Each structure stands twice: as C-alpha cells, then as structure tokens.
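Engineer: The sequence shown: position 47 = 461 (this note's numbering), numbered continuously.
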Amino acid sequence: MDGTLDAALDVFRSVRPRLFGIAYRMLGSASEAEDVVQDAWLRWQGTDRAAVLDPPAFLATVTTRLSINALQSARARRETYIGPWLPEPVDTSTDPTLGAERAEALGFAVLVMLERLTPTERAAYVLREAFAYGYPQICEIVQVSEVAARQLVSRARKRLAGERRREVTRQEQQRLLTAFLAAAKTGDLDELERLFTEDVVSYSDGGGVVRASKFPVVGRERVAKFVRAFHTHFWEGIEIAEADVNGQPSVVLSKEGAAFAVVSVVTSGPAIDQVLWMMNPDKLGAVTHRAA
Numbered sequence: 415m416d417g418t419l420d421a422a423l424d425v426f427r428s429v430r431p432r433l434f435g436i437a438y439r440m441l442g443s444a445s446e447a448e449d450v451v452q453d454a455w456l457r458w459q460g461t462d463r464a465a466v467l468d469p470p471a472f473l474a475t476v477t478t479r480l481s482i483n484a485l486q487s488a489r490a491r492r493e494t495y496i497g498p499w500l501p502e503p504v505d506t507s508t509d510p511t512l513g514a515e516r517a518e519a520l521g522f523a524v525l526v527m528l529e530r531l532t533p534t535e536r537a538a539y540v541l542r543e544a545f546a547y548g549y550p551q552i553c554e555i556v557q558v559s560e561v562a563a564r565q566l567v568s569r570a571r572k573r574l575a576g577e578r579r580r581e582v583t584r585q586e587q588q589r590l591l592t593a594f595l596a597a598a599k600t601g602d603l604d605e606l607e608r609l610f611t612e613d614v615v616s617y618s619d620g621g622g623v624v625r626a627s628k629f630p631v632v633g634r635e636r637v638a639k640f641v642r643a644f645h646t647h648f649w650e651g652i653e654i655a656e657a658d659v660n661g662q663p664s665v666v667l668s669k670e671g672a673a674f675a676v677v678s679v680v681t682s683g684p685a686i687d688q689v690l691w692m693m694n695p696d697k698l699g700a701v702t703h704r705a706a
C-alpha cells in the first residue's frame, strides 16, 4: 500500500464508527451496514481525494446515499419476510452510541418505527437527530433544498412523536426485564400479567429459519399465556447473559455455548409494552461472541 493509500485508510478509519452508525440506523441491520461501509471504502479508494475538501463530510454523504439505495432494496425483501421483522441486534457494551454524539435512533422500538418513514425522511432524521448535522449539510447529503430538508425532519419527528413511549430510566428497564425473565422461567401467569400493559405485544423474529410465532401476540392475557405455554421446555439448560444491546438492557440466551436468541423489552412507565424475541440466526452475528 503506497503512502497515498495509507493516508486514505487513516482518514477512513477515523470516521468509520460514524459511517457504520449512519448505515446501521438507516438499515436496522449490522450485516447490511457493514456492506455499505465496505462499499464506501471502495468508493473512497477510487476517488480523486486531492479534490475532496472535507473527507469526513464526503464519506458521510457517500454512506448515506448508499444506505438510501440499500434500504429501497431491503424493503422489497422485507415485504416477503416470514413473521415479524425486528432489527438486527448489535452489542453496544464497548461503544454505547456506535460513534454518534447521541444514542437517538438506536433502540429497537425507534428502529422499528423508522421503518415507516421514506428512505429520505429516515436519512434526514438520522443525520439530524443522531448525529446533529446542520440543515445545510443535510440538504447537500440527501440532495434536496434546505427548506425540503427541514420538512423531511419535521415530518419524521411528527410521525414518530405519536408512537413514542415515555422514556424510563435504564435501571427501571433492567428491573422490568429481570422480573419478566424470572416470571417467564417459572410460568408465573399472575406475575406476567402484572408486568404487562393492557395492550402489550410480543414479537418473535425467527425469519422462517427457526421455530417462532409468525404473528405478533397482542394483549396482556394472551401474551402471558403465550409465555407460560412454553416455559417448561424452552428454558431448560439455557444460559442467560446480561448484555447491553442497542443501548438498552437485554439478555443473550445460549445453549451449549451457542447463542440462539436476544431478548429485550420495551417499557414506558412501570410496565412492559413489548417483548422482543430476536431468534433469526442470520441476525445474531454481532452478539454471538458473547456466548463463546
């Protein structure tokens, strides 16, 4: 590698965490985000770098535009996805915000809500809310006027605001997750119902690869009975490891040293709104090392 390419690599490495953070928030998939970042590196290699005045801005622009294109293709695939689609979990224990100044658009609930935005709305929102880009920068990156960039962010905020839940402390999230796991393992129906909101939803993402509910289970009694129904065999021989996944308390479930699920809960106030079972083995690559 010559000196010029060495310098290019140094620049790329310095901003790589941010590029991954942008791509992951855009796609909700660590593996697809890695592909985008790799494509950005190839573009950077083939660019006349002497003509680039602001390399970090250039690389953020390339990554965002590649992510918009990748998201359009991903959405077509997700239309035929078997069962509920959940984001691919990422271990944030060593990098709590994936290189961003803020943890916005990282949690599971928000990533699911972002799926309802258009690719350009999502890009504008991620750049503004997660990385604090100014509107002049956003309009250059997504190739719209500054007025349009402000409108994209405003629309995204309004669409998400109606579905956002009241944030609770990390300690409260951890308490509810721990209580849920204890009740789930023993099949304590009364305790499960006590922990859930009236309209709680359980989502199981097996992707058609492993056995999992292909439909969301809705309602306090139904979710409690659903969890109780498999408690006698599901938890046998299971190792539970606490983890910081997507910036929130979660657990990695493993059996005989192999991780097979990530479980997390979405909370608001003193109860659980959603139970998330991420079981598609194709999505567990970023957390499987925890079970080794």
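All residues carry an ideal CB built from backbone N, CA and C; glycine is no exception. Quantities reported herein were computed from a predicted structural model and do not represent experimental measurements.
1) DSSP has T592 in a bridge; who is on the other side?
2) Start and end of the beta strand (DSSP E) containing V540?
3) Just the Cα atoms here: how many angstroms apart are T477 and A471?
4) Counting pairs of beta carbons, one from the region 479 to 493 and one from the region 651 to 668, are three or more of them closer than 8 Å?
5) Let's see if you can read the secondary structure: which residues bound the alpha helix (DSSP H) around T681?
6) Going by CA-CA distance only, name the one from A598, F648, L590 and F644 that's closest to V679.
7) Can you tell which of S618, G671 and R530 has the C-alpha that lies nearest to the C-alpha of V689?
8) If distances are taken between C-alpha atoms only, which option among R571, V540 and A544 comes closest to V556?
9) Flag this pair as yes or no: are the beta carbons of L606 and R579 separated by less than 8 Å?
10) Between A570 and the rest of its own chain, which residues show a CB-CB distance below 6 Å, the 5 nearest in sequence each way excluded?
11) For E502, which residues of its own chain have a beta-carbon under 6 Å away from its beta-carbon, when the five flanking residues on both sides are left out?
12) Mapping DSSP to helix, strand and coil, what is P501?
13) Is V429 helix, strand or coil when you go by DSSP?
14) Compare the Cα-Cα distances from D424 to each of A447, G521 and P469 and report the closest residue.
15) Rounding to the nearest angstrom, what Cα-Cα distance links A422 and Q459 in this structure?
16) Y549 by DSSP, collapsed to three states: which one?
17) For a test of the three-state rule: what should DSSP assign to E493, helix, strand or coil?
18) Confirm the yes/no value for this check: CB of A421, any heavy atom of the ligand MN, distance under 7 Å.
19) Taking all protein chains shown into account, do 16 or more other C-beta atoms lie within 10 angstroms of the C-beta of P684, making it buried, or fewer, making it exposed?
20) Distance, Cα to Cα, A612 vs G576?
21) Starting from D449 and walking both ways along the alpha helix (DSSP H), at which residues does that stretch end?
22) Could you check the C-alpha separation between K628 and S481 for me, to the nearest Å?
23) Can you tell which of V451, F640, V561 and G521 has its C-alpha closest to the C-alpha of V479?
24) Around the Cβ of R630, are there at least 16 other Cβ atoms within 10 angstroms (buried) or fewer (exposed)?
25) Under DSSP, the beta strand (DSSP E) around A685 begins and ends at which residues?
26) Just curious, the beta strand (DSSP E) that E612 is in, first and last residue?
27) CA-CA distance, V623 and M692?
28) Between which two residues does the beta strand (DSSP E) carrying A657 extend?
Structural biologist: In this structure, then:
1) Mapped onto the sequence shown, residue 592 falls at position 178. DSSP, once it has assigned bridges, lists no residue as partnering T592.
2) Counted from its first residue, the sequence shown places residue 540 at position 126. First-last for V540: undefined, no H or E at that position.
3) Translated into the one-based positions of the sequence shown, residue 477 becomes position 63. Translated into the one-based positions of the sequence shown, residue 471 becomes position 57. Cα to Cα, T477 sits roughly 10 Å from A471.
4) no
5) Within the sequence shown, numbered from 1, the residue matching residue 681 stands at position 267. Counting along the chain, T681 falls outside any alpha helix (DSSP H), though it belongs to the beta strand (DSSP E) covering A672 to S682.
6) Residue 679 sits at position 265 when you count from the first residue of the sequence shown. Checked all of A598, F648, L590 and F644; the closest Cα to V679 is L590.
7) By one-based count along the sequence shown, residue 689 stands at place 275. Of S618, G671 and R530, the residue nearest in Cα terms is S618.
8) Start at 1 with the first residue of the sequence shown, and residue 556 comes out as number 142. Answer by Cα proximity: V540.
9) Along the sequence shown, one-based indexing puts residue 606 at 192. Along the sequence shown, one-based indexing puts residue 579 at 165. For L606 and R579, no; Cβs fall outside 8 Å.
10) On the sequence shown, residue 570 is found 156 positions in, with the first residue counted as 1. The answer, listed in chain order, is L531, E535 and Y539.
11) Along the sequence shown, read from residue 1 onward, the residue named residue 502 stands at position 88. S443, A444 and K697.
12) To locate residue 501, count along the sequence shown from 1; it is residue 87. Reduced to three states, the DSSP call for P501 is coil.
13) Position 15 of the sequence shown, counted from the start, is the residue given in the question as residue 429. Three-state DSSP puts V429 in a helix.
14) Your numbering for residue 424 matches position 10 in the sequence shown. The option with the nearest alpha carbon to D424 is P469.
15) Position 8 of the sequence shown holds residue 422. Position 45 of the sequence shown holds residue 459. Each residue's alpha carbon lies about 7 Å from the other.
16) The residue labelled residue 549 in the question sits at position 135 within the sequence shown. Correct three-state label for Y549: helix.
17) To locate residue 493, count along the sequence shown from 1; it is residue 79. In the three-state reduction of the DSSP assignment, E493 falls in the coil class.
18) Ligands in the displayed structure: none, and consequently the ligand MN is not present.
19) Position 270 of the sequence shown, counted from the first residue, corresponds to residue 684. With fewer than 16 other Cβ atoms within 10 Å, it is exposed.
20) Counted from its first residue, the sequence shown places residue 612 at position 198. Counted from its first residue, the sequence shown places residue 576 at position 162. Reading off the sequence, residue 612 comes out as Glu, not Ala. Taking the straight line from one Cα to the other gives about 18 Å.
21) Numbered from its first residue, the sequence shown carries residue 449 at position 35. First-last of the alpha helix (DSSP H) with D449: A444 to Q459.
22) Taking the first residue of the sequence shown as 1, we reach residue 628 at position 214. Taking the first residue of the sequence shown as 1, we reach residue 481 at position 67. Whole-angstrom Cα-Cα distance: 28 Å.
23) Locating residue 479 in the sequence shown gives position 65, where the first residue counts as 1. Residue 479 is actually Arg in this sequence, not Val. Cα-wise, what sits closest to R479 is V451.
24) Indexing the sequence shown from 1 puts residue 630 at position 216. Looking at the sequence provided, one finds Pro at residue 630 rather than Arg. The residue is exposed, with fewer than 16 neighbouring Cβ atoms inside 10 Å.
25) Position 271 of the sequence shown holds residue 685. Residues A685 to M692.
26) For this step, residue 612 is matched to residue 198 along the sequence shown. Start and end: F610 to D619.
27) Numbered from 1 along the sequence shown, position 209 holds the residue referred to as residue 623. Numbered from 1 along the sequence shown, position 278 holds the residue referred to as residue 692. Their Cα atoms are separated by approximately 12 Å.
28) Translated into positions along the sequence shown, residue 657 becomes position 243. Run containing A657: E653 to V659, per the beta strand (DSSP E) assignment.
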